[in-house]
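A quick write-up on the structure given underneath.
Residue numbers (the working numbering): 889 to 1180.
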């Protein structure tokens, strides 16, 4: 099965490369959801975009789940958001390794309230948790669902291999959202970026350059090597016609690619605390019930 695992990882790598060239942050997870579902042996997938509780939180999903999940009531959605049996497991500090509900809960899983909601509402009965490594929230990441037998050891291994790639895509999504938010007041930054031929990855590196981060720090933030960061920086210099970091940041600010210092200050007022899920909801998400 080693060859199959290698092919699955190659497919995930191809998808990650495609995602890192996507300019619209709301399209990143939908781009990956269907492929991750299939590679992990699932039928559908739900991913977490923001802070969850039983009362609220954005549920992103593969297209196969959208219609069925949209029919669930508030109580059933609350059961799914509670994250049984994974929330307590990961909150207890037991690592971030993927695990299935059946293996974690044993005989308690088939008779649990979560299993009943899945069976009645979605005709599914098995769940594989694929958390993002290095996250603090208990269930940040994906839940992959299927019906019938439990996920195999190979499916779990593929999920393990997918973790760092998905983490990189999620970091890219957050940085693109930050870049879009901070640059909106500067005119038409997306058009400026296109005129300069900057890729989405180069835009995120440029944004981190404005924070005076070292190449090593940027690499840790993005999950890439310092050498790769230097290559991105060299491309940015070439495309912007600059020679050093300070000149690059100042030129990018004049072009509206990144915010000037006064534009980067947090806004005050009631809108400053809005969550990321309230600002932007990708296609195929179920919003908080009180917002609909």
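All residues carry an ideal CB built from backbone N, CA and C; glycine is no exception.
field: 7 Å Cβ cutoff met for residue 1137 and residue 1087
entry: Here residue 1137 corresponds to residue number 249 of the chain shown, with the count starting at 1. Here residue 1087 corresponds to residue number 199 of the chain shown, with the count starting at 1. Their beta carbons are not under 7 Å apart, which means residue 1137 does not touch residue 1087 by this criterion.
message: Please give me, in chain order, every unbroken run of the alpha helix (DSSP H) with length at least 4 that falls completely inside the stretch 1084 to 1161.
response: 1088 to 1097, 1103 to 1110, 1114 to 1128 and 1133 to 1143
- request: Please say whether residue 1114 and residue 1100 have beta carbons closer to each other than 7 Å?
  value: Taking the chain shown and counting its residues from 1, the one referred to as residue 1100 is at position 212. Taking the chain shown and counting its residues from 1, the one referred to as residue 1114 is at position 226. Not closer than 7 Å, so no.
- prompt: Where does residue 1010 fall in DSSP's three states?
  reply: On the chain shown, position 122 is the one that residue 1010 refers to. Correct three-state label for residue 1010: helix.
message: Please tell me whether residue 907 and residue 916 are closer than 7 Å, where the distance is taken between their beta carbons.
response: Within the chain shown, the letter at position 19 stands for residue 907. Within the chain shown, the letter at position 28 stands for residue 916. Taking 7 Å as the Cβ cut-off, residue 907 and residue 916 qualify as a contacting pair.
query: Where does residue 904 land, buried or exposed, given buried means 16+ other C-beta within 10 angstroms?
result: The residue you call residue 904 lines up with position 16 of the chain shown. The residue is buried, with at least 16 neighbouring Cβ atoms inside 10 Å.
message: Tell me which residues share the same chain as residue 1003 and place their Cβ nearer than 8 Å to its Cβ, disregarding the 5 neighbours each side in the sequence.
response: In the chain shown, residue 1003 corresponds to position 115, counting from 1. Only 989, 997 and 1013 meet the Cβ criterion.
message: Using C-beta distances below 6 Å, list every residue in its chain close to residue 1044, excluding the 5 sequence neighbours before and after it, in chain order.
response: As a first step, residue 1044 is located in the chain shown; it is residue number 156 there, counting from the start. The answer, listed in chain order, is 986.
field: N-terminal and C-terminal residue of the beta strand (DSSP E) that residue 1033 is part of
entry: Within the chain shown, residue 1033 is the residue found at index 145, counting from 1. Run containing residue 1033: 1029 to 1034, per the beta strand (DSSP E) assignment.
message: Taking the beta carbon of residue 1107 as the centre, do at least 16 other beta carbons fall within 10 Å, making it buried, or is it exposed?
response: Locating residue 1107 in the chain shown gives position 219, where the first residue counts as 1. Under this definition residue 1107 is a buried residue.
field: residue 932, enclosing beta strand (DSSP E) - first and last residue
entry: On the chain shown, residue 932 is found 44 positions in, with the first residue counted as 1. From DSSP, the beta strand (DSSP E) with residue 932 extends over 932 to 936.
- prompt: Which class does residue 904 belong to by DSSP, given the choice of helix, strand or coil?
  reply: As a first step, residue 904 must be located in the chain shown, where it is residue number 16. Reduced to three states, the DSSP call for residue 904 is helix.
For residue 948, the first and last residue of its enclosing beta strand (DSSP E): Taking the first residue of the chain shown as 1, we reach residue 948 at position 60. Start and end: 947 to 949.
field: Coarse secondary structure for residue 1037, derived from DSSP in three states
entry: Indexing the chain shown from 1 puts residue 1037 at position 149. Looking at residue 1037 - three-state DSSP - the assignment turns out to be coil, as it is neither helix nor strand.
- prompt: What is the residue span of the alpha helix (DSSP H) that residue 1182 lies within?
  reply: Look at the range of the chain in this structure, 889 to 1180, and you will see that residue 1182 is not part of it.
message: Classify residue 1024: buried if its beta carbon has 16 or more other beta carbons within 10 angstroms, exposed otherwise.
response: Translated into positions along the chain shown, residue 1024 becomes position 136. Classification of residue 1024: exposed, given that the 10 Å Cβ count is below 16.
query: Got a sec? Which residues, its chain only, sit under 8 Å from residue 1009 by beta carbon, not counting five neighbours each side?
result: Residue 1009 sits at position 121 when you count from the first residue of the chain shown. Same-chain partners within the cutoff: 956, 957, 959, 960 and 964.
query: With which residues is residue 1023 paired in a DSSP beta bridge?
result: Sequence index remark: in the chain shown, residue 1023 carries index 135 (1-based). Answer by DSSP bridge pairing: none, since residue 1023 is not bridged.
query: What number of angstroms, rounded off, separates the C-alpha of residue 966 from the C-alpha of residue 1029?
result: Locating residue 966 in the chain shown gives position 78, counting from the first residue. Locating residue 1029 in the chain shown gives position 141, counting from the first residue. Near 17 Å, if we compare the C-alpha coordinates of residue 1029 and residue 966.
message: For residue 1092 and residue 1053, which I take to be in contact (beta-carbon distance under 8 Å), what is that distance rounded to the nearest angstrom?
response: Translated into the one-based positions of the chain shown, residue 1092 becomes position 204. Translated into the one-based positions of the chain shown, residue 1053 becomes position 165. Not confirmed; about 16 Å, so no contact.
message: Nearest by alpha-carbon distance to residue 1060: which of 892, 1110, 991 and 1094 is it?
response: Along the chain shown, read from residue 1 onward, the residue named residue 1060 stands at position 172. For the residues 892, 1110, 991 and 1094, the minimum Cα distance to residue 1060 belongs to 1110.
task: Starting from the Cα of residue 912, find the closest Cα among 1037, 1117, 1144 and 1058 and give me that residue.
output: By 1-based counting over the chain shown, the position of residue 912 is 24. Answer by Cα proximity: 1058.
task: Under 6 Å Cβ to Cβ from residue 1118, same chain only, skipping five residues before and after it: list those, please.
output: For the purposes of this step, residue 1118 is identified with residue 230 of the chain shown, where counting begins at 1. Excluding positions up to five away in sequence, the list reads 1103.
- request: Take residue 897 and list the residues in its own chain whose beta-carbon comes closer than 7 Å to its own, dropping the five residues that flank it on each side.
  value: To locate residue 897, count along the chain shown from 1; it is residue 9. The residues are 1049.
- request: Could you tell me how far apart the beta carbons of residue 930 and residue 1034 are, in whole angstroms, since I believe they sit closer than 8 Å?
  value: Along the chain shown, one-based indexing puts residue 930 at 42. Along the chain shown, one-based indexing puts residue 1034 at 146. At roughly 5 Å, the Cβ-Cβ gap stays under 8 Å, so residue 930 and residue 1034 are in contact.
message: Just to confirm my understanding: we take residue 1153, look at its own chain, exclude 5 residues before and 5 after, and list those with CB closer than 8 Å. What are they?
response: As a position in the chain shown, residue 1153 is number 265, starting the count at 1. Caution applies to residue 1153, whose pLDDT of 47 falls short of 50 and renders its modelled position unreliable; the value that the coordinates give is listed next. Contacts found: none.
- request: Identify the continuous alpha helix (DSSP H) that holds residue 978 and give its terminal residues.
  value: Locating residue 978 in the chain shown gives position 90, counting from the first residue. Residues 974 to 979.
query: Straight-line CA distance for residue 1147 to residue 919?
result: Walking along the chain shown from the start, residue 1147 turns up at place 259. Walking along the chain shown from the start, residue 919 turns up at place 31. If you take the alpha carbons of residue 1147 and residue 919, they lie about 28 Å apart.
C-beta neighbour in chain C for residue 1102, strict 7 Å: The question asks about chain C, but that chain is absent: this structure has only one protein chain.
message: Whole angstroms are fine: how far does the CA of residue 1069 sit from the CA of residue 973?
response: Numbered from its first residue, the chain shown carries residue 973 at position 85. Numbered from its first residue, the chain shown carries residue 1069 at position 181. Going by the C-alpha atoms only, they are around 36 Å apart.
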